[in-house]
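Participant: Structure incoming, see below.
Residue numbers (the UniProt record's numbering): 1 to 695.
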């Protein structure tokens, strides 16, 4: 709940009335009063001024509207105690107390008060507007749309003023729409449109009603008229946005793009419309494989999206991938143009030789980061079929083979294997692919390569340069074509820098840049080499100035690739790691279950035990968005949350199933560092002691 208004004068009057006009002296008892129910009830009272109940309720409401919920709760609790024998006042105070609980998302406590009122015989508030309002708010918090609709239908006939009735119709339409009852939603929006006296609400209801029109042509016709209507000039950007979405519904992407661009041009006073229009333009550009244009639209959209947006993390990750992909797409366009206009076969062959690494880099980003297997396949096929004499062709066939295996395309994988063996029998990978159980061999090969790289990285972190070099040498001899090769070359350069070998550091960086397609690692190596050319020297594994100073804004060097970022549409899970020497599994499970029951009652989360060779924990799954995970982490770290109730050694980490397979006692520190480097804004930033997720 945000900041409220100023109700000082109303509070002062209510407090003065309570202070100066309270009557607590009990009336005289007549003989035989215990046989008179009215006399008994009169003696049970604690306040005898009938007008003060309004003052108590006014004081509590002032605190609610000021967003001072603790004082509001205390006031309504005191009112319900003072008027415990007067249901018409007590139950109203209980309902307002329940509203305070609902604002704080304490649904179970609000439910107790509602049930208490429902169980009270002949309660005078059970058919009031306030009761149905609280019941609707409780149902909305729990996501119980049918019950919320029932309560709202009770509210609408008596809702005053007229604007409130229009708002309730609009809310009713949203609930019907969420349940898939499109026709009922349309009728509710139409009633809201006719009832509303506010142009903004009438306009919003009209747009909603049009968006649900089963005849998209009718919707387009209506929205086109609205664009030309001067009465809606202030809302023209929203009309253009709705018109573009209507064109998309009939798969008219050209007119949709025109409408979205018109929305951006007319959205100077509506950043949210501009952001959404740019987001849709980015998606249109992605569907056409126009990656630089998609990046530009995404850059214009993201600054205007709040972090609470359900797709914010996904779009941020997409933007990071497009930053790497867009330059490659531009380079590819230039190379294709050079090849097309080449005046001789030699020039054409030279242009094609430069094109193949670019295609490989694009395919790696498209499949590895964006999950676009079809587009990655098209790029591999282009190298295989159109660039037969390039040195990258065997690498393209091999990566295409791995892609088909991951995508369960057995027949195509077998075809690619035979093609690789027939065309490149002397390639070091041919021996493995010739085996009958080559799939198991590839999996073991990948696991061993990752293990060697991880061991080299661990040795580097411990300052054991010779051990790291031995592992990297073994990695290079056995797996010269592995996808971790760029990271291994960079790690080799850092090992040389660790012992102060400037020339070896330079040679390794130059080899990395010369033999690797563009990407994060190459950009980092290029930046390091540029510093060396500028007179910097290495000392202790980091770049320094001649005076031994490091610029305070220098970005930390990322060297670990054991863990990978999730796909844009992938929702991670949470892992709670606990010390087995201090806690039993059932104690941790009880703490998680109690916390989930308190804060996450809308949908059950799946909690299952997890263990590796040296770690024990529980996996928490079932989240629907990144926002839910962020909220879980925030609440878990607060006072009274999950982590303060457990020993300080417990860790709560977001993780994907793929990264979970690599997590051990030895890689835990690396994962926490990688987590900070991958998403520094996350509340699990290890540089801040894992913030609210761990101590």
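A virtual CB, placed ideally from N, CA and C, is assigned to each residue, including glycine.
Starting from residue 608 and walking both ways along the alpha helix (DSSP H), at which residues does that stretch end?
Facilitator: No alpha helix (DSSP H) contains residue 608, which is instead part of the beta strand (DSSP E) from 606-611.
Participant: For residue 620 versus residue 651, is the C-beta spacing smaller than 9 angstroms?
Facilitator: No, the Cβ-Cβ distance between residue 620 and residue 651 is not below 9 angstroms.
Participant: The beta strand (DSSP E) spanning residue 654 covers which residue range?
Facilitator: That run of the beta strand (DSSP E) goes 651-655.
Participant: Assuming residue 404 and residue 396 make a contact with CB atoms under 8 angstroms, what is their CB distance in whole Å?
Facilitator: Not really, about 13 angstroms apart at Cβ, beyond 8 angstroms.
Participant: Would DSSP call residue 580 helix, strand or coil?
Facilitator: Note: residue 580 maps to coil in three-state DSSP.
Participant: Do residue 571 and residue 626 have their CB atoms nearer than 9 angstroms?
Facilitator: Yes, the pair counts as a contact, with Cβ atoms nearer than the cut-off.
Participant: With H, G and I counted as helix, E and B as strand and the rest as coil, what does DSSP make of residue 547?
Facilitator: The pLDDT assigned to residue 547 is 29, lower than 50, so where the model puts this residue is not dependable; a value taken from the coordinates is nonetheless given after this. Three-state DSSP puts residue 547 in coil, outside helix and strand.
Participant: Starting from residue 513, trace the beta strand (DSSP E) both ways and give me its first and last residue.
Facilitator: Premise fails: residue 513 lies in the alpha helix (DSSP H), 502-515, not in any beta strand (DSSP E).
Participant: Quick check on this structure: which residue in 600, 458, 444 and 466 has the alpha carbon closest to the alpha carbon of residue 673?
Facilitator: Measuring from the Cα of residue 673, the nearest candidate turns out to be 458.
Participant: Let's test the definition: count the other Cβ atoms within 10 Å of the Cβ of residue 639 and tell me whether it reaches 16, buried, or not, exposed.
Facilitator: Label assigned to residue 639: exposed.
Participant: In terms of residues, what are the limits of the beta strand (DSSP E) holding residue 32?
Facilitator: Here residue 32 belongs to no beta strand (DSSP E), and DSSP marks it neither H nor E.
Participant: Look up residue 617 in the DSSP assignment and say whether it is helix, strand or coil.
Facilitator: Residue 617: strand per DSSP, three-state reduction.
Participant: If we count Cβ pairs, one from each stretch, closer than 8 angstroms, do we get three or more for the region 348-365 versus the region 269-280?
Facilitator: Contact between the region 348-365 and the region 269-280 is absent, because fewer than three Cβ pairs lie under 8 angstroms.
Participant: For the alpha helix (DSSP H) containing residue 11, name the first residue and the last one.
Facilitator: Start and end: 8-21.
Participant: So, does the region 186-195 touch the region 161-175, judging by three or more C-beta pairs under 8 angstroms?
Facilitator: At 8 angstroms Cβ cutoff, the stretches touch.
Participant: Relative to the alpha-carbon of residue 496, which residue among 486, 162, 469 and 521 has its alpha-carbon at the smallest distance?
Facilitator: That would be 469, whose Cα lies nearest to the Cα of residue 496.
Participant: Do you know how far the Cα of residue 237 is from the Cα of residue 304?
Facilitator: Each residue's alpha carbon lies about 15 angstroms from the other.
Participant: Within the continuous alpha helix (DSSP H) that includes residue 211, where are the two ends?
Facilitator: Unbroken alpha helix (DSSP H) run through residue 211: 199-211.
Participant: Note down the Cα distance separating residue 623 from residue 314, rounded to an integer number of angstroms.
Facilitator: So the two alpha carbons sit approximately 14 angstroms from each other.
Participant: Out of 501, 123, 503 and 509, state which residue places its alpha-carbon closest to the alpha-carbon of residue 488.
Facilitator: Checked all of 501, 123, 503 and 509; the closest Cα to residue 488 is 509.
Participant: Short of 8 angstroms in beta carbon distance, which residues of its chain neighbour residue 657, apart from the five on each side in sequence? Order them along the chain.
Facilitator: Correct list, in chain order: 573.
Participant: Could you check if residue 432 is buried or exposed, using at least 16 other CB atoms within 10 Å of its CB as the buried criterion?
Facilitator: That one is exposed.
Participant: Would you list the residues sitting across from residue 573 in a DSSP beta bridge?
Facilitator: BP columns for residue 573 point to 655.
Participant: Rounded to a whole number of angstroms, what is the C-alpha to C-alpha distance between residue 59 and residue 140?
Facilitator: So the two alpha carbons sit approximately 27 angstroms from each other.
Participant: Taking 8 angstroms as the limit between beta carbons, can you name the residues of its chain near residue 556, skipping five residues before and five after?
Facilitator: Residue placement at residue 556 is poorly supported in this model, since its pLDDT is 37, which falls under 50; the coordinates still yield a value, given next. Cβ neighbours of residue 556 beyond the five flanking positions: 677.
Participant: Going along the chain, which residues of its own chain have a beta-carbon closer than 7 angstroms to the beta-carbon of residue 87, five neighbours each way excluded?
Facilitator: Contacts found: 120, 123 and 124.
Participant: If I follow the unbroken alpha helix (DSSP H) through residue 107, where does it start and stop?
Facilitator: Here the alpha helix (DSSP H) through residue 107 covers 107-118.
Participant: Count Cβ pairs between the region 605-619 and the region 577-589 that sit closer than 8 angstroms; are there 3 or more?
Facilitator: As far as the Cβ criterion goes, the region 605-619 touches the region 577-589, which means the pair count is three or higher.
Participant: Give the single residue among 83, 145 and 666 whose Cα lies nearest to the Cα of residue 181.
Facilitator: Ranking 83, 145 and 666 by Cα distance to residue 181 puts 145 first.
Participant: Going along the chain, which residues of its own chain have a beta-carbon closer than 6 angstroms to the beta-carbon of residue 99, five neighbours each way excluded?
Facilitator: The residues are 134.
Participant: Got a sec? Which residues, its chain only, sit under 8 angstroms from residue 118 by beta carbon, not counting five neighbours each side?
Facilitator: Same-chain partners within the cutoff: 126.
Participant: Return helix, strand or coil for residue 624, following the three-state DSSP convention.
Facilitator: Looking at residue 624 - three-state DSSP - the assignment turns out to be coil, as it is neither helix nor strand.
Participant: Taking the Cβ atom as the reference point for each residue, do residue 243 and residue 223 lie within a distance shorter than 9 angstroms?
Facilitator: Yes, Cβ-Cβ distance for residue 243 and residue 223 is below 9 angstroms.
Participant: Between 528, 69 and 390, which lies nearest to residue 354 when the distance is taken from Cα to Cα?
Facilitator: Among 528, 69 and 390, the Cα nearest to that of residue 354 belongs to 390.
Participant: Which same chain residues, not among the five before or five after residue 111, have their C-beta less than 7 angstroms away from its C-beta?
Facilitator: Within the same chain, residue 111 has close Cβ partners 138.
Participant: Relative to the C-alpha of residue 322, which residue among 310, 341 and 292 is closest?
Facilitator: Closest by alpha carbon: 292.
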